Every structure is written in structure tokens, then in C-alpha cells.
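Working notes for the structure below.
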């Protein structure tokens, strides 16, 4: 079972839509290729960034299959309104050759009941026994997977190999202290853009799932590589990582709110990617003030980064290495 894709950075792809507000799979595959070419280890589809509640099961499966057939490593989100649907997505992921699963808790019905969640997780893991899976822990879903439940599941399902933490610093600390530090074969992934430095340096994360990385892949990969060096005690890397994380803290914070897809799609529009201008619900859009604020923060960061990245030192070393990797 290959879990190498989790030892890297994965962008959570959004689903572009055509003028008739149906999924634009060609644009989705194009974005997937761009992300891998930028240096990402894989892509995630369909998590909350992919608007899974707004798509049919068939639409989601087609997106997964298109990405896999295009040769793009895909980690498939299993968010669903019921366990039967979640299991279908897991089984489909194994059938088409997905690289991994992101196992999302049961929502809406009995979501706070540990026994119900255990059966939900088990059903998903059993449906794709050959696909490496990570549990997605998030306060958004209203359920916190704790160490006893995680290791109970892992004892029966060896394809459960990791933990994605979407909570803040305290939640990442819990995962590191009680789950990933207990078993060296269990990996931790940072699941929120505002906690990359803390996750890698203080919690031993080996990878990250990013939203802002869809719009700023070079900058997110640089932050991750600086954080990896900082975790080894590199003084300059620690300083630069903190500077970079602080500089795009506002843009990264969009990842924490309910309108994250609206903000991140708009950032892609600012990048010139018009296929992300529309949303599946016509009324889902930022207001004028939000767009203006987003534009201001984006411009501020881009100007700052252009100047800051000229400093040399560890920045030059990492950027030269990244260039060699992406050209290979």
C-alpha cells in the first residue's frame, strides 16, 4: 500500500462549472495537471472545497474518474449525507485506482454518537481495503475522533494510515501527542492553511492539505519546505517561515470560514482563471465589499512576496531546488 502521496502538499480542488452551472471536468483535469506540475504530491477531490453537498454522487464519481484517467494522483473525499453514499464513493475510489481516501465523519444523523461514527468509519474503510485512508477531523463536522477510536479502527483496518486535522493549534497538538506519536507508522497531515508552521514544526506533520495552495501553489510549497527545515532546527528557515505565514495569514484564513469556496474561487479569477467565476448556486457569491477586501489582500501579499523573496539565503536554496524538481 503506497502512502507516499500523503508525504507532501495536496491542494483541495474546487469544481469549476460551465455557463449552465454543471461541472466542467475538462477544467478540473487541467487544474489537476497544473497542481502536480507545480510540485504537489496529489490532489484532493471532493472535500468541502469541491462543493460535495452541491453535486450528485454521479457527478462526483465522474470527476474522480476523469482525474484518475488523466494520470493525476487523487485522494477522494467521502463526505455524504448517509453511510450508504459514503461507502459507494469509497468503493468507486478503489475501483478506478484512486491514490487515497479522506474519510469524513457521519453528518446530520447521530453525528455526535461515537458508536455510530465507528460503524460509519468501518463501512468506508471496508469498502476500499486496498486504498490508504486518513480520517478527516474537523470541528465543522461536529465530531472529534479521539485516540481510542482511531486505534480501535486501525487495529481492524490497516488501510487507515493517518489523520488529517482541520482544527487549530490545540487540536493539532492533541493529534500529535496522543495519536501520531504513539505509532511511527501513523502520519499527520495539516488540514487548515493557518496552521502549517505549527503542524510541521511542533506536531511532526509530514504533509498538508491546502485551500489557498490552489491559487498560490509556489508560496504554499515554499512555506511547507521552510517549515520542514525549521522542524530540523534551521534558524533562518524558522524566521522566514514565520514571516511568510504571517504575510498571507488573511488569505489563508478564508480556509476557516463558511465561504471558503467563494473566496478561493475568486482568488483563482484574480489569477486569470475565468472557469472559476461561476458557482453551482447562482446566489452563492461574495458581496462587493468582500470582493474588494479580497482584491486588496491579494494585491498586498503579491507585492510583499515579490520583494521579500529576493532576500537570498535559505529562500534561494529552496527555490532553486524546487525549480529543479518541477523541471524534471
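Residue numbers (the working numbering): 49 to 376.
Note that CB positions come from ideal geometry on N, CA and C, so glycine has one too.
In this text the structure is predicted, and so the values were computed from the model without any measurement.
Checklist entry - Would a C-beta distance cut-off of 8 Å place residue 192 and residue 211 closer than the cut-off? => result no
Checklist entry - What is the DSSP secondary structure of residue 121, reduced to helix, strand or coil? => result coil
Checklist entry - Can you tell which of 288, 311, 287, 286 has the C-alpha that lies nearest to the C-alpha of residue 298? => result 311
Next on the checklist: Measuring alpha carbon to alpha carbon, tell me which residue in 186, 324, 68, 287 is nearest residue 219.
Outcome noted: 186
Checklist entry - Do the CB positions of residue 188 and residue 121 come within less than 8 Å of each other? => result no
Checklist entry - Under three-state DSSP, which class holds residue 128? => result coil
Next on the checklist: How far does the beta strand (DSSP E) with residue 184 in it extend, from its first residue to its last?
Outcome noted: 181 to 185
Checklist entry - Applying the criterion that 16 or more other CB atoms from any shown protein chain within 10 Å of the CB defines a buried residue, is residue 156 buried or exposed? => result exposed
Next on the checklist: I believe residue 275 touches residue 248 by the beta-carbon criterion, under 8 Å. Please report the beta-carbon distance rounded to the nearest angstrom.
Outcome noted: 4 Å
Checklist entry - At which residues does the beta strand (DSSP E) containing residue 213 begin and terminate? => result 208 to 213
Next on the checklist: Within 10 Å of its beta-carbon, does residue 125 have 16 or more other beta-carbons around it, so buried, or fewer, so exposed?
Outcome noted: buried
Next on the checklist: Could you compute how far the alpha carbon of residue 93 sits from the alpha carbon of residue 106?
Outcome noted: 14 Å
Item to check | Inter-residue spacing [alpha-carbon to alpha-carbon] between residue 364 and residue 252 | outcome: 25 Å
Item to check | residue 152 (DSSP reduced to helix, strand or coil) | outcome: coil
Checklist entry - Taking the alpha carbon of residue 143 as the point to measure from, which residue in 164, 118, 162, 113 has its own alpha carbon closest? => result 113
Checklist entry - Based on the DSSP output, what are the partners of residue 258 in its beta bridges? => result 59
Checklist entry - Apart from the five residues just before and just after residue 279, which ones in its own chain have a Cβ nearer than 8 Å to its Cβ? => result 248, 249, 252
Next on the checklist: Tell me the rounded alpha-carbon separation between residue 176 and residue 82.
Outcome noted: 28 Å
Next on the checklist: Can you find the residues in the same chain that come closer than 7 Å, C-beta to C-beta, to residue 57, ignoring five residues on each side of it along the sequence?
Outcome noted: 88, 89, 255, 256, 258, 261, 268, 269, 272
Checklist entry - Alpha carbon to alpha carbon, what distance is there between residue 351 and residue 163? => result 51 Å
Checklist entry - Thinking C-alpha only, which one of 308, 55, 342 is nearest residue 318? => result 342
Next on the checklist: Do residue 201 and residue 173 have their beta-carbon atoms positioned less than 8 Å apart in this structure?
Outcome noted: yes
Next on the checklist: Could you tell me the alpha carbon to alpha carbon distance between residue 308 and residue 98, rounded to whole angstroms?
Outcome noted: 11 Å
Next on the checklist: What does DSSP give as the partner residue(s) for residue 236 in the beta ladder?
Outcome noted: 211
Checklist entry - Roughly how many angstroms lie between the CA atoms of residue 159 and residue 356, to the nearest whole one? => result 45 Å
Checklist entry - Are residue 59 and residue 324 close, meaning C-beta to C-beta below 8 Å? => result no
Checklist entry - In chain order, what residues of the same chain lie with their CB nearer than 7 Å to the CB of residue 73, ignoring the 5 residues before and after it? => result 110, 111, 114
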